[in-house]
Amino acid sequence: MPDPSVSLPSDSFTVGDLIVAFLEACGVSTLYGVISIHNMPILDAVKRRGQLRFVTARGEAGAANMADASARVSGGLGVVVTSTGTACGNAAGALVEAQTAGARVLHLTGQIEVDYLDRNMGYIHEAKDQLGLLRSVSKAAYRVTDPAQVLPVLQEAVQQLDSAPSGPVSIEIPIDVQSAQVPVPEHLSRLAPTPVPTDPARLEALVEALAQARRPLIWVGGGAREAGAALEQLKGLGFGVVNTTQGRGIVDENDPQNLGTFTASPAVEALYQTCDAVLVVGSRLRGNETLKYRLKLPQPLYRVDADPDADGRCYPNELFVQGDATEVLTALAERLVGRMSVDPGFANDLQAAKQQAEARLLEDLGVYASLVQQVTEARDPASPWVRDITISNSMWGNRLPRLTTPRQGVHATGGGIGQGLAMGIGAALASPDRKTWVLVGDGGLQLGLAELATAVEEQANLVLLVMNSRGYEVIRNIQDAAYGGRHCYTDLLLPELEQVCASLKLPYQRIDDLQQTSSAFQWSTSLPGPVLLEFNMPTIGPFARPFAGPPVRKASA
Numbered sequence: 106m107p108d109p110s111v112s113l114p115s116d117s118f119t120v121g122d123l124i125v126a127f128l129e130a131c132g133v134s135t136l137y138g139v140i141s142i143h144n145m146p147i148l149d150a151v152k153r154r155g156q157l158r159f160v161t162a163r164g165e166a167g168a169a170n171m172a173d174a175s176a177r178v179s180g181g182l183g184v185v186v187t188s189t190g191t192a193c194g195n196a197a198g199a200l201v202e203a204q205t206a207g208a209r210v211l212h213l214t215g216q217i218e219v220d221y222l223d224r225n226m227g228y229i230h231e232a233k234d235q236l237g238l239l240r241s242v243s244k245a246a247y248r249v250t251d252p253a254q255v256l257p258v259l260q261e262a263v264q265q266l267d268s269a270p271s272g273p274v275s276i277e278i279p280i281d282v283q284s285a286q287v288p289v290p291e292h293l294s295r296l297a298p299t300p301v302p303t304d305p306a307r308l309e310a311l312v313e314a315l316a317q318a319r320r321p322l323i324w325v326g327g328g329a330r331e332a333g334a335a336l337e338q339l340k341g342l343g344f345g346v347v348n349t350t351q352g353r354g355i356v357d358e359n360d361p362q363n364l365g366t367f368t369a370s371p372a373v374e375a376l377y378q379t380c381d382a383v384l385v386v387g388s389r390l391r392g393n394e395t396l397k398y399r400l401k402l403p404q405p406l407y408r409v410d411a412d413p414d415a416d417g418r419c420y421p422n423e424l425f426v427q428g429d430a431t432e433v434l435t436a437l438a439e440r441l442v443g444r445m446s447v448d449p450g451f452a453n454d455l456q457a458a459k460q461q462a463e464a465r466l467l468e469d470l471g472v473y474a475s476l477v478q479q480v481t482e483a484r485d486p487a488s489p490w491v492r493d494i495t496i497s498n499s500m501w502g503n504r505l506p507r508l509t510t511p512r513q514g515v516h517a518t519g520g521g522i523g524q525g526l527a528m529g530i531g532a533a534l535a536s537p538d539r540k541t542w543v544l545v546g547d548g549g550l551q552l553g554l555a556e557l558a559t560a561v562e563e564q565a566n567l568v569l570l571v572m573n574s575r576g577y578e579v580i581r582n583i584q585d586a587a588y589g590g591r592h593c594y595t596d597l598l599l600p601e602l603e604q605v606c607a608s609l610k611l612p613y614q615r616i617d618d619l620q621q622t623s624s625a626f627q628w629s630t631s632l633p634g635p636v637l638l639e640f641n642m643p644t645i646g647p648f649a650r651p652f653a654g655p656p657v658r659k660a661s662a
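Laid out in structure tokens, this is it:
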């Protein structure tokens, strides 16, 4: 039977209606996208049914980033609707980001009429092998050419989204299929996720190995986002924790047993050498967090992941256990009770290493250390913390302020610049009762500047911190370090943000001295909707230590 909370008519019912009704049954409340001739039947159904909010982004890339951040913050599905051809291609980069982050994004894209598919006739909005493009940037991609296929494909697509390892899923729906009449469905059920198999013998071997450790550490990635309770149990048994950027907040970063995101700090690496086991859970051990795979991690190294391809990837492991992170860690915590004999000094050593790492970071920031402190004091500790690829994030935003819950942190994990503002909008709409904080640079802001209008139009409740260095500062620093100081193509002309904000009726302040920050934060957090604060970095001053890209270690080191 249909979900009783979803209204289904007894007469006219199109595929567009079916799609929207299914999304309603899945608990979706908001869609993001740009209306076009090749998605109008779906969006007309949204309007007629009146149950879902449609956010009109200014571009498909921004819409997909919004859906991505909405999924990360809410824990539900993020849905983006695009048109075919160029519009679908516009979303591809944002889908790469969602794939990198394992975000549960459902991408619904239009397609030309079934009779003209793949015939290379120059039909408007036609794109060569669009499905191939979508397969390359999605966990899975589907095309429906028969109205009877739509509900089964939707169900399978959402099942893919719900099954680990997660990632975006795309569906092509030709315009004539979208507008076709279909029978009212008898049910709109959501299929159960596909379970991840776990070998009991491997699990038992892992229990036995960890029971011998006296200074055990858990390296936590985004794949363990739902495993917080189990990690707390393991921490209670004496395990230390270090989290990646994607794993932030799964264990409270204020906890003295959590090293936070200081994965490659010298003080933390020195601590690694005193550990006698590390369990890597739901992490790719990415190059930018491991000194390009030369970080000296504890040995032996054990690994738990839903993805079988993680076995031995990037670092060799003594033992690999495929499985759902929550299920495996819960089983470990239950079986290790009463069996651990952890070094009583380990907790103090964890805390000391973290304090050293954080102190060095604040020293490197110079004058900007006070900005970090003021953000920490002004921000609701439970608020989303969204960051673009910008030097301020690389220096401090990926590590501070400390996060306390697993769905606060949203970051352009794939390293693509210009996604922060759109992600901030999606995060803010998914968490409307708290002010979302968004950290961007002037270069990244300009890639999606038009989405400022979306933020105002939707009254997204966010504070946008624009760190304006008048160009690509990281690239300048790399040019200083590796290219003889030859600066080229890094200076950027930025529109006068005060005038841009005035034209949009967007509250704005410029900060030339960090002594202005406290009052600016009080003002911005007291206002509903979006606020833009521009930090004039040339006037404020430089960082104490230049940042010239992710830290690396040469092979001979």
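Residue 643 in our numbering sits at position 538 of the sequence shown, and the numbers go up by one each step. For each residue, glycine too, the CB sits at the ideal point set by N, CA and C. Remember, it's a predicted structure, so these values are computed and weren't measured experimentally.
Residue i burial status per 10 Å Cβ neighbour count (16 or more: buried)
i      : result
TYR377 : buried
HIS212 : buried
MET106 : The pLDDT assigned to MET106 is 37, lower than 50, so where the model puts this residue is not dependable, and the model offers no usable value.
PRO257 : exposed
SER175 : buried
TYR613 : buried
SER241 : exposed
HIS143 : buried
TRP490 : buried
LEU598 : exposed
THR622 : buried
ILE494 : buried
ASP618 : exposed
ALA587 : exposed
CYS131 : buried
GLY590 : exposed
Residue i: first and last residue of the uninterrupted beta strand (DSSP E) it sits in
i      : result
GLN456 : Premise fails: GLN456 lies in the alpha helix (DSSP H), 451 to 470, not in any beta strand (DSSP E).
ASN641 : 636 to 641
ALA382 : 382 to 386
First and last residue of the uninterrupted alpha helix (DSSP H) at residue i
i      : result
ASN422 : Looking at the DSSP string, ASN422 is not in any alpha helix (DSSP H), and its letter there is neither H nor E.
PHE127 : 120 to 130
ILE217 : Careful: ILE217 lies outside any alpha helix (DSSP H) and carries neither H nor E.
ILE323 : Premise fails: ILE323 lies in the beta strand (DSSP E), 321 to 325, not in any alpha helix (DSSP H).
TYR377 : 371 to 377
ARG158 : From DSSP, ARG158 is part of no alpha helix (DSSP H) but of the beta strand (DSSP E) over 158 to 161.
Rounded straight-line distance, which links the Cα of residue j to that of residue i
i      : j      : result
GLN478 : ASN498 : 15 Å
SER243 : SER271 : 10 Å
VAL120 : LEU508 : 42 Å
ALA662 : GLN620 : Caution is warranted here: a pLDDT of 47 is assigned to ALA662, below 50, making its placement in the model unreliable, and the coordinate value is therefore given only provisionally. The straight-line gap from Cα to Cα measures roughly 42 Å.
HIS516 : GLY529 : 10 Å
ARG158 : GLU563 : 10 Å
ALA436 : GLU337 : 13 Å
ILE645 : ILE496 : 15 Å
ALA288 : VAL210 : The question names Ala, but residue 288 in the sequence shown is Pro. Rounded to whole angstroms, PRO288 to VAL210 spans 27 Å at the Cα level.
VAL139 : ALA172 : 12 Å
VAL263 : THR541 : 28 Å
PRO290 : LEU123 : 8 Å
VAL160 : GLU129 : 16 Å
MET445 : ARG307 : 19 Å
ASP304 : ALA625 : 55 Å
VAL409 : ALA430 : 7 Å
GLY428 : LEU609 : 49 Å
LEU567 : ALA533 : 6 Å
ALA452 : PRO361 : 7 Å
GLU202 : ALA166 : 11 Å
Cross-strand partners of residue i (DSSP beta bridge)
i      : result
ASN363 : VAL346
ASP596 : GLY576
SER275 : HIS212, ALA246
PHE652 : Beta-bridge pairing links PHE652 to no other residue.
VAL491 : VAL515, VAL543
ASP410 : GLN427
GLN286 : THR119
ILE98  : The question about residue 98 has no answer, for the chain in this structure spans 106 to 662.
THR187 : THR214
LEU534 : Its beta-bridge partners do not exist; DSSP assigns none.
Report task. Could you tell me whether the segment 340 to 352 touches the segment 276 to 285, where touching means 3 or more Cβ pairs closer than 8 Å? Result -> Touching, no.
**Report entry** Stretch pair the segment 540 to 556 + the segment 223 to 241: three plus CB contacts closer than 8 Å
**Finding:** A contact is defined here as three or more CB-CB pairs under 8 Å, and the segment 540 to 556 fails this definition with respect to the segment 223 to 241.
Report task. Examine the Cβ distances between the segment 244 to 253 and the segment 178 to 185 and report whether three or more of them are shorter than 8 Å. Result -> Taking a cut-off of 8 Å for Cβ pairs, the segment 244 to 253 and the segment 178 to 185 do not touch, as fewer than three such pairs fall below it.
Query raised in the report: Using 8 Å as the threshold, is the segment 321 to 335 in touch with the segment 287 to 295, meaning 3 or more CB pairs across them?
Result: Taking one beta carbon from each stretch, the segment 321 to 335 and the segment 287 to 295 have fewer than 3 pairs nearer than 8 Å; the two do not touch.
Requested in this report: State whether the segment 618 to 633 contacts the segment 458 to 469, with contact taken as three or more CB pairs (one from each stretch) at a distance under 8 Å.
Outcome: For the pair of segments examined, the segment 618 to 633 was found not to touch the segment 458 to 469: the number of CB pairs separated by less than 8 Å stays below three.
**Report entry** Given 8 Å, three or more beta-carbon pairs between the segment 370 to 390 and the segment 400 to 420
**Finding:** Result yes; three or more Cβ-Cβ pairs closer than 8 Å.
Query raised in the report: Are the segment 638 to 657 and the segment 571 to 580 touching by the rule of at least three beta carbon pairs closer than 8 Å?
Result: Counting Cβ pairs under 8 Å, three or more are found: they touch.
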